[in-house]
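Same order as they appear, the protein sequences are chains X and E.
So the mapping is simple: our numbering equals the position in the first sequence, first residue as 1, plus 96.
So the mapping is simple: our numbering equals the position in the second sequence, first residue as 1, plus 534.
Backbone N, C-alpha and C define an ideal beta-carbon position, used for all residues, glycine too.
Here is the structure we will look at.
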Amino acid sequence: MLEALSLPFMQRALLAGLLIAFTTSYFGVFVVQRSLAFMGSGLAHAAFGGVALGLLLEHEPLWIAVPFTIIVAILITWVRDHTRLAADTVIGVFFAFAMALGIVFLSMRTSYSADAFTYLFGSILAVQAIDLWFAGLVALLTLLSIPLWSRWAYATFDREAARADGLNVLAHDYLLAIAIAVAVVVAVKVIGIVLLSAFLVIPAAAARLLANRFASMTTFAVGLSLLTVVAGVLASYEFDIPTGATIILAQVAAFALALLTSIALRRQRIRRARQMTP
Amino acid sequence: MGNGENDGQPVIETQGIEVVADGFCILEALNHTIPAGAVVAILGPNGAGKSTYLKVLLGLVTPTNGSALVFSHPPGKAPPSWIGYVPQIKTLDRAFPARSCELVVNGLRGRWPWRITPAEHDAAMAELARVGAAQVAHRPLAALSGGELQRVYLARALVRRPKLVLLDEPAAGIDVTGELDLYRVLEHYHHDTGATILMITHDWATAAHHASHALLINRRQICFAPSQVALTDENLRQAFGHAQHDHLMHLGKDSDA
Numbered sequence: 097m098l099e100a101l102s103l104p105f106m107q108r109a110l111l112a113g114l115l116i117a118f119t120t121s122y123f124g125v126f127v128v129q130r131s132l133a134f135m136g137s138g139l140a141h142a143a144f145g146g147v148a149l150g151l152l153l154e155h156e157p158l159w160i161a162v163p164f165t166i167i168v169a170i171l172i173t174w175v176r177d178h179t180r181l182a183a184d185t186v187i188g189v190f191f192a193f194a195m196a197l198g199i200v201f202l203s204m205r206t207s208y209s210a211d212a213f214t215y216l217f218g219s220i221l222a223v224q225a226i227d228l229w230f231a232g233l234v235a236l237l238t239l240l241s242i243p244l245w246s247r248w249a250y251a252t253f254d255r256e257a258a259r260a261d262g263l264n265v266l267a268h269d270y271l272l273a274i275a276i277a278v279a280v281v282v283a284v285k286v287i288g289i290v291l292l293s294a295f296l297v298i299p300a301a302a303a304r305l306l307a308n309r310f311a312s313m314t315t316f317a318v319g320l321s322l323l324t325v326v327a328g329v330l331a332s333y334e335f336d337i338p339t340g341a342t343i344i345l346a347q348v349a350a351f352a353l354a355l356l357t358s359i360a361l362r363r364q365r366i367r368r369a370r371q372m373t374p
Numbered sequence: 535m536g537n538g539e540n541d542g543q544p545v546i547e548t549q550g551i552e553v554v555a556d557g558f559c560i561l562e563a564l565n566h567t568i569p570a571g572a573v574v575a576i577l578g579p580n581g582a583g584k585s586t587y588l589k590v591l592l593g594l595v596t597p598t599n600g601s602a603l604v605f606s607h608p609p610g611k612a613p614p615s616w617i618g619y620v621p622q623i624k625t626l627d628r629a630f631p632a633r634s635c636e637l638v639v640n641g642l643r644g645r646w647p648w649r650i651t652p653a654e655h656d657a658a659m660a661e662l663a664r665v666g667a668a669q670v671a672h673r674p675l676a677a678l679s680g681g682e683l684q685r686v687y688l689a690r691a692l693v694r695r696p697k698l699v700l701l702d703e704p705a706a707g708i709d710v711t712g713e714l715d716l717y718r719v720l721e722h723y724h725h726d727t728g729a730t731i732l733m734i735t736h737d738w739a740t741a742a743h744h745a746s747h748a749l750l751i752n753r754r755q756i757c758f759a760p761s762q763v764a765l766t767d768e769n770l771r772q773a774f775g776h777a778q779h780d781h782l783m784h785l786g787k788d789s790d791a
């Protein structure tokens, strides 16, 4: 199994997977704890609009998709702030809008090409140098944003209390939405639009089941995400099955284990409590 | 009572505060000056705008008209560590992964803690012991009862040694022992620090017994005065309307007895 790692394309796949796993799972804890799971899915589909525009303009799609998705993320946050609509409703509107724009852009292209559809399902084995550089840059930016964790965590815990303590919660909402947008776009080519939200949601959800503290939830999510990438890449090579999907199956397996563990721990606690009371 | 440091200096000054939300005026004509060291009971029926008033002082709600000063600063501009706030218990979210002592350290820091230093841990434990919640210090929020959560939030507000404590219905949903403990803790804190305390309550007798001043609100200010002066039949009738009047009179006699 380990000889797979001597192959350059496997090395690139593993490195890209690890960088993306780190970024998405780190922001995923905020996504999950703020009940924004649909945001990941919505922004991934919004990125499709940007990719299609890039293909239409015959530009590197990523350079168009990044600002495009950031604008959609800002619009979603703005509409949420200025109306009483629920987050998933607003995301649903922009999700459809960007996707429809993408289809129109693709139809305007004179030459048909299948590459737009590689973005739907991703191609981790076809990762190129530019994708790696981009994923590396975004992972670095994520590391640089760690000092904001204590602010984002506070605003996630209780917006009003955070505001009363002088935190500009709305500005941090925009910042976080932009960060999630960038994390999503960088993952689109590698993981694909359809399955991308799994990277944001599943490791963080599994971590939530095991953690009693937000700090440990964050480290568990990142750790689980990195582990499942290694397991998924190796298993996909061994069994010759699609890599992106295999990683997500590994994430679901980790989630199932976390679920069973949390249930077992709760039962044990109840049993211990019963033994202690006469 | 109090350390006398800023006795007489107004802590809160409001002038003609008016709050309009969704086209409805939910609060108007608030004019009062609260001196340092006062313990103020805020009374009024449901929907009277009591919580909104506290949110104006915290800078969470911006008045449509009028002005408010907190420690001579516009709301939200005074150093946050000067103010301790205990929100309404029913609005609190227990789904966040946190332990009680983390919540208290959060009050100490004004940020969410990644790691707790030994000094912060000691401070949080001392505060939790003071409010009678030391035994739940390491429990996750989801495993706390309403009364326990209330104590933890009180510790979170007091651990920063605020000069102004704002409490939104601190006695709602807790049993008599819990309520007595709460007032005992607040009285000690007030005695030790001379802090100003504002407390929303539905309990007329509590207001008469524990508060130096009473603020009666029913969408507008009915009265702000020392409690003996403020808590008259006429004012209570204006604040609560006729329906509750007999009940309130009865409570009043009980507490006098």
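Between the alpha carbons of residue 137 (chain X) and residue 743 (chain E) lies a gap of roughly 56 Å. The beta carbon of residue 333 (chain X) is closer than 6 Å to those of 100 in its chain, skipping five residues each way along the sequence. The Cβ neighbour count for residue 738 (chain E), taken over all protein chains shown within 10 Å, is at least 16; the residue is labelled buried. Within the region 548-606 of chain E, the runs of beta strand (DSSP E) at least 3 residues long that lie entirely inside it are, in chain order, 558-569, 573-577 and 599-604.
In the DSSP annotation of this structure, the continuous segment of the alpha helix (DSSP H) that includes residue 684 (chain E) starts and ends at 680-692. Here residue 730 (chain E) is bridged, per DSSP, to E:698. Boundaries for residue 749 (chain E): no alpha helix (DSSP H) harbours it, while the beta strand (DSSP E) harbouring it runs 747-751, taken from the DSSP string.
Considering only beta carbons, the part of the region 295-312 of chain X lying closer than 8 Å to chain E consists of 304, 307, 308, 309, 310, 311 and 312, in chain order. Within the region 681-704 of chain E, no residue places its CB atom closer than 8 Å to a CB of chain X. Residue pairing from DSSP places residue 620 (chain E) in a beta bridge opposite E:701. Residue contact check for residue 122 (chain X) against chain E: no CB pair falls below 9 Å. Residue contact check for residue 134 (chain X) against chain E: no CB pair falls below 9 Å. With 16 or more other Cβ atoms inside 10 Å of its own Cβ, residue 248 (chain X) counts as buried. 9 Å or more divides the Cβ of residue 723 (chain E) from the Cβ of residue 740 (chain E).
Per the C-alpha coordinates, the member of E:628, E:687, E:654 and E:642 positioned closest to residue 309 (chain X) is E:628.
In chain order, 592, 593, 594, 610, 614, 617 and 619 make up the part of chain E whose C-beta sits under 8 Å from the C-beta of residue 260 (chain X). Going by DSSP, residue 755 (chain E) is part of the beta strand (DSSP E) stretching over 755-760. For residue 571 (chain E), the closest C-alpha among the options E:762, E:726 and E:774 is that of E:726. Around residue 176 (chain X), the same chain offers 183 and 186 as residues with beta carbons nearer than 7 Å, after the five sequence neighbours per side are excluded.
Residue 544 (chain E) sits in a strand when the DSSP states are folded into three classes.
Under a 10 Å Cβ-count criterion, residue 747 (chain E) is classified as buried, with 16 or more other Cβ atoms of the shown protein chains found around its own Cβ. For residue 312 (chain X), the enclosing alpha helix (DSSP H) starts and ends at 310-335.
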